[in-house]
Structure formats: C-alpha cells, structure tokens
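*Asks:*
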Amino acid sequence: MAELGEGGLPRYGGVVVHIVVGSKTGKCMPSEACLDRIVAAHGKLVVPVVDACQGRMGEGDIRGHLDKGRIVLCTGSKFFGGPPFSGVCLMSEGLGQELELLLSSSSDVARMLAQSRLKEYVVAALMSDDLPTLRSMLPQRPLNYGVLMRWTVALHGMEAFYAEVPLASRLQMMRDWTAGVTGIIREMPGRLIRLITDESESGDDEQSVALSTIVSFHCFCNRGKPGTTADVMTMEELRHVQFLMASDLTKHRPHLNLLGPAKTRCFVGQPVDLNPQVVGRSHVLRVAASAFLVVRCFREGVEKVLQEDRAVFEKLQLVLGNWFLFSTEPSSL
7 MAELGEGGLP
17 RYGGVVVHIV
27 VGSKTGKCMP
37 SEACLDRIVA
47 AHGKLVVPVV
57 DACQGRMGEG
67 DIRGHLDKGR
77 IVLCTGSKFF
87 GGPPFSGVCL
97 MSEGLGQELE
107 LLLSSSSDVA
117 RMLAQSRLKE
127 YVVAALMSDD
137 LPTLRSMLPQ
147 RPLNYGVLMR
157 WTVALHGMEA
167 FYAEVPLASR
177 LQMMRDWTAG
187 VTGIIREMPG
197 RLIRLITDES
207 ESGDDEQSVA
217 LSTIVSFHCF
227 CNRGKPGTTA
237 DVMTMEELRH
247 VQFLMASDLT
257 KHRPHLNLLG
267 PAKTRCFVGQ
277 PVDLNPQVVG
287 RSHVLRVAAS
297 AFLVVRCFRE
307 GVEKVLQEDR
317 AVFEKLQLVL
327 GNWFLFSTEP
337 SSL
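Residues are numbered in our numbering as their position in the sequence shown, beginning at 1, plus a constant of 6.
(1) Should the region 259-268 be regarded as contacting the region 298-315, the criterion being three or more beta carbon pairs within less than 8 Å?
(2) Should the region 34-54 be called in touch with the region 68-78, which here means at least 3 C-beta pairs below 8 Å?
(3) Please report the straight-line C-alpha distance between A58 and G28, rounded to a whole angstrom.
(4) Report the residue from W183, W329 and T240 whose alpha carbon sits nearest the alpha carbon of L217.
(5) Sort A174, V308 and K30 by Cα distance to K279 and report the nearest one.
(6) Is the region 310-324 touching the region 231-238, taking contact as three or more C-beta pairs under 8 Å?
(7) Need the endpoints of the alpha helix (DSSP H) that H71 sits in, please.
(8) Smallest Cα separation from T203: which of F223, P282, P195 and Q60?
(9) How big is the Cα-Cα spacing for G11 and I44?
(10) Can you tell me which residues form a DSSP beta bridge with T270?
(11) Is it true that the CB of V247 sits closer than 8 Å to the CB of V325?
(12) Within 10 angstroms of the Cβ of A120, are there 16 or more other Cβ atoms? Answer buried if so, exposed if not.
(13) Under 8 Å between the Cβ atoms of K321 and T270?
(14) Considering only the alpha carbon of each residue, which of D211, N328 and C272 lies closest to A252?
(15) Which of the three DSSP states is assigned to L124 in this structure?
(16) My guess is that R192 and L201 are in contact by the Cβ rule of under 8 Å, so how many angstroms apart are they, rounded?
(17) Check for me: the alpha helix (DSSP H) holding S142 runs from which residue to which?
(18) Tell me whether the region 162-180 and the region 130-140 touch, counting them as touching only if at least three CB pairs, one residue from each stretch, are closer than 8 Å.
(19) With a 10 Å radius around its C-beta and 16 neighbouring C-beta atoms as the bar for buried, classify V187 as buried or exposed.
(20) How far does the alpha helix (DSSP H) with A216 in it extend, from its first residue to its last?
(21) For G327, which option in F226, R316 and P282 has the closest C-alpha, if you only look at C-alpha atoms?
(22) Since A297 contacts F91 with CB under 8 Å, what's their CB separation in whole angstroms?
(23) In whole angstroms, what separates the C-alpha of Y127 from that of L154?
(24) Determine which residues share a DSSP beta bridge with T81 and list them.
(25) Quick one, which of L250, A166, L144 and I68 has its alpha-carbon nearest S98's?
(26) Hey, quick one: how far does the beta strand (DSSP E) through L201 stretch, first residue to last?
(27) With a threshold of 16 other CB atoms inside 10 Å of the CB of G152, please say whether the residue is buried or exposed.
(28) Let's test the definition: count the other Cβ atoms within 10 Å of the Cβ of E243 and tell me whether it reaches 16, buried, or not, exposed.
(29) Between Q103 and D211, what straight-line distance do the alpha-carbon atoms span, to the nearest angstrom?
(30) Under 8 Å by Cβ, that's how I've got G88 and R156 pegged, so tell me the actual separation to the nearest angstrom.
(31) Between which two residues does the beta strand (DSSP E) containing L291 stretch?
(32) Just to confirm before moving on: does the CB-CB distance between I220 and F319 stay below 8 Å?
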C-alpha cells in the first residue's frame with residue numbers, strides 16, 4: 007500500500023482491503039484499527055470490505071461499518087443457522103452513489119459489468135432501488151424466489167436471537183456455554199483433545215464474546231502401537247473423524263457392540279489447517295455455539311445444552327482413543 011500510494015495508482019484506481027470479522031477459528035484479520043489506519047493514510051485509494059459472514063457481531067456493528075463507508079458482506083447460514091447461500095452485500099449510501107456515478111458516466115466500467123458473469127447469479131429485483139443504473143444492466147427475469155426464501159428463513163434465526171434474548175442474557179449464555187465446553191474438554195482423560203487458548207483477543211463486547219464461542223482444539227489419536235497412544239493427526243484423518251462423529255457408529259461397527267454416545271450423530275466444524283504454508287501438522291477441529299443454541303440456552307438452561315455437548319466429546323474421546331479400530335472403513339462397507 008505504501009509503495010502504491012507514493013509511486014502511483016493501481017490499475018483500476020483503487021485497492022480493495024478485505025478484513026475478516028471472525029475467521030473459522032474466531033479471529034479478526036486484520037484488525038479494525040489496522041483498517042482505520044490504512045484508510046486514514048490512503049483515503050479514496052482504499053475500498054474497505056468487511057467479511058462479516060460469521061454473523062458473530064453486536065447489534066449495531068454492521069451499522070457502524072456502513073457509517074464508516076465500508077462494504078459489508080453477511081450471511082444468514084453460519085451463526086444464524088439459515089440455509090446455505092443466504093447472503094447479502096451491504097454498502098453505505100456514499101458508496102452506492104459512487105457506484106451509480108461510475109456506471110452512468112464511464113463506458114469502460116459499464117462495459118466491464120456487462121461482460122462480467124454477475125448476470126448469471128443476480129437479477130435486477132435483488133438489487134436495491136437506490137441502484138437504478140445497476141438494476142438496468144441486469145436481467146429482469148427469472149425472479150430468484152429461492153434466495154428470497156433462504157434469506158427469510160435466516161431472518162427468523164436473527165429475530166429469535168436479537169429480539170427474544172436480551173443483550174445481557176445473550177452475553178451470559180455465550181460466556182457460560184464457552185466456559186462449560188472448555189471445562190468439558192479439560193476434563194477429558196488421556197490428553198487426546200487439547201484446547202487452543204488465546205486470551206490476548208478476549209473482550210467484553212458482544213462481538214468478542216460471540217467469537218469466543220468458536221472453540222478450537224487439537225486432536226491426538228491412539229494408533230494401537232507403542233509410542234503412538236497420543237499421535238498427531240493429518241487433515242485427511244480429521245476429515246474422517248468429522249465423518250465418524252456425524253455417523254451412528256453402532257451401524258458402522260456392529261461387531262464392536264458399542265454403547266452410549268457412539269450411536270449419537272454429532273456435528274462438529276470442518277478441520278482447519280492453521281498454517282497451510284508450512285509443512286507440518288497444526289490442524290484443529292472446532293465446535294461453536296450458533297444463535298439457535300444460544301436461544302435454546304435461554305429457554306431451557308445452559309446445563310441441559312452442555313449435557314448434550316458432553317456426549318459429543320465422550321464420542322470424540324471414544325474415536326480418538328480407539329483410532330486403530332476406526333481409522334479404516336469396515337470391510338463390509
């Protein structure tokens with residue numbers, strides 16, 4: 007950015023600076039303070055885009071981003087539990103006016119849009135009435151009722167979270183759930199499940215508390231050989247763990263006469279490679295509280311929800327502790 011600012015403009019006259027408010031492991035990269043410094047230093051050269059698709063934010067956070075002239079990407083399909091592809095792109099009034107001016111005054115920009123594949127995904131009816139020039143460049147039909155239905159379902163989850171559960175209760179439910187889950191993990195025997203903790207990013211605001219409900223942990227397995235009772239696991243192995251967690255193991259391994267949580271289908275987050283650029287094994291699995299889970303905690307009590315979560319980690323402990331039995335598919339399948 008510094009070189010561009012001093013040596014000339016980029017090819018299209020601007021640089022998109024993209025920040026993620028809540029990665030797969032709950033981190034913000036780069037920070038909002040960093041984005042503010044970049045915008046202050048380079049002004050109109052920067053187009054700030056906020057990826058808020060995790061949905062783990064405070065009530066007024068999106069409004070705050072828009073007031074600062076940022077584009078905000080959101081979805082209802084993660085934290086809020088809506089169907090996949092229920093996303094939205096929001097922009098401030100100033101950015102909308104700038105876009106309209108570009109489209110109406112620059113034939114190059116209009117031509118670029120016409121040649122793009124945007125029309126294959128979006129019709130005019132899905133665009134704001136405040137963007138008439140953009141709407142005129144998009145097809146009028148067919149109407150995409152599917153995306154409207156998906157977004158409507160997602161809005162139901164948002165409404166239940168923000169309208170039914172008071173702010174103080176939301177914060178307390180999320181804190182209690184996170185503390186309960188991390189406590190369950192620490193109590194697991196054998197050190198096969200090990201928490202990742204990062205106290206430096208903790209905070210008391212709603213966004214920080216919501217992001218802290220993404221709980222990441224390393225998994226180690228017993229390969230049934232000397233010296234491999236707590237062995238590191240590959241990404242491929244963790245994908246198989248995720249599959250086993252979502253399966254009824256009594257059907258997959260009927261000859262083992264499994265009892266207890268083995269039958270329960272448990273859904274955990276996809277494995278994440280924390281450092282894909284470096285050769286090594288720094289992979290994690292994740293569990294997270296959704297908006298629906300927070301509403302359940304409010305209605306039924308946190309302890310009832312944590313009882314179910316304890317069964318998740320008991321099953322995970324079973325799989326990891328007997329990896330030599332579960333690492334391959336049974337011959338009958």
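For every residue, glycine included, the Cβ atom is placed at its ideal position computed from N, Cα and C.
*Replies:* So, to answer that:
(1) no
(2) yes
(3) The residue you call residue 58 lines up with position 52 of the sequence shown. The residue you call residue 28 lines up with position 22 of the sequence shown. When rounded, the distance between both Cα atoms is 7 Å.
(4) As a position in the sequence shown, residue 217 is number 211, starting the count at 1. With distances taken between Cα atoms, L217 lies closest to W183.
(5) The residue you call residue 279 lines up with position 273 of the sequence shown. Per the sequence presented here, residue 279 reads as Asp, with Lys not at that position. The shortest C-alpha separation from D279 is found at K30.
(6) no
(7) By one-based count along the sequence shown, residue 71 stands at place 65. Per DSSP, H71 belongs to the alpha helix (DSSP H) from D67 to D73.
(8) The residue labelled residue 203 in the question sits at position 197 within the sequence shown. Checked all of F223, P282, P195 and Q60; the closest Cα to T203 is F223.
(9) For this step, residue 11 is matched to residue 5 along the sequence shown. For this step, residue 44 is matched to residue 38 along the sequence shown. In this prediction, G11 has a pLDDT of 45, which is less than 50 and means its spatial position is unreliable; nothing more can be read from the coordinates.
(10) The sequence position of residue 270 within the sequence shown is 264, counting from 1. BP columns for T270 are empty, so no partner.
(11) If you number the sequence shown from 1, residue 325 lands on position 319. If you number the sequence shown from 1, residue 247 lands on position 241. Contact: yes.
(12) Along the sequence shown, read from residue 1 onward, the residue named residue 120 stands at position 114. With fewer than 16 other Cβ atoms within 10 Å, it is exposed.
(13) For this step, residue 321 is matched to residue 315 along the sequence shown. For this step, residue 270 is matched to residue 264 along the sequence shown. Contact: yes.
(14) By 1-based counting over the sequence shown, the position of residue 252 is 246. Answer by Cα proximity: C272.
(15) Taking the first residue of the sequence shown as 1, we reach residue 124 at position 118. L124 falls in the helix class under three-state DSSP.
(16) The residue labelled residue 192 in the question sits at position 186 within the sequence shown. The residue labelled residue 201 in the question sits at position 195 within the sequence shown. The Cβ separation is near 7 Å, so the contact holds.
(17) Your numbering for residue 142 matches position 136 in the sequence shown. That run of the alpha helix (DSSP H) goes P138 to S142.
(18) no
(19) For the purposes of this step, residue 187 is identified with residue 181 of the sequence shown, where counting begins at 1. Buried: at least 16 other Cβ atoms inside 10 Å.
(20) Stepping through the sequence shown from its first residue, residue 216 is reached at position 210. Counting along the chain, the alpha helix (DSSP H) containing A216 begins and ends at E212 to L217.
(21) Counting from 1 along the sequence shown, the entry for residue 327 is found at position 321. Of F226, R316 and P282, the residue nearest in Cα terms is F226.
(22) Taking the first residue of the sequence shown as position 1, residue 297 is located at position 291. Taking the first residue of the sequence shown as position 1, residue 91 is located at position 85. Their Cβ separation, rounded to whole angstroms, is 18 Å, which puts A297 and F91 out of contact at 8 Å.
(23) Translated into positions along the sequence shown, residue 127 becomes position 121. Translated into positions along the sequence shown, residue 154 becomes position 148. So the alpha carbons of these two residues sit roughly 13 Å apart.
(24) Stepping through the sequence shown from its first residue, residue 81 is reached at position 75. BP columns for T81 point to G93.
(25) Within the sequence shown, residue 98 is the residue found at index 92, counting from 1. Checking every option, the nearest Cα to that of S98 belongs to I68.
(26) Position 195 of the sequence shown, counted from the first residue, corresponds to residue 201. Looking at the DSSP string, the run of the beta strand (DSSP E) that includes L201 is I199 to L201.
(27) Position 146 of the sequence shown, counted from the start, is the residue given in the question as residue 152. Exposed is the call here.
(28) Translated into positions along the sequence shown, residue 243 becomes position 237. Buried, by the Cβ-count rule.
(29) Numbered from 1 along the sequence shown, position 97 holds the residue referred to as residue 103. Numbered from 1 along the sequence shown, position 205 holds the residue referred to as residue 211. Distance between the alpha carbons of Q103 and D211: 32 Å.
(30) For this step, residue 88 is matched to residue 82 along the sequence shown. For this step, residue 156 is matched to residue 150 along the sequence shown. That pair is a contact at about 6 Å.
(31) For the purposes of this step, residue 291 is identified with residue 285 of the sequence shown, where counting begins at 1. It spans H289 to A294 - the beta strand (DSSP E) in which L291 sits, taken as one unbroken run.
(32) The residue given as residue 220 occupies position 214 in the sequence shown. The residue given as residue 319 occupies position 313 in the sequence shown. No, the pair does not count as a contact, with Cβ atoms beyond the cut-off.
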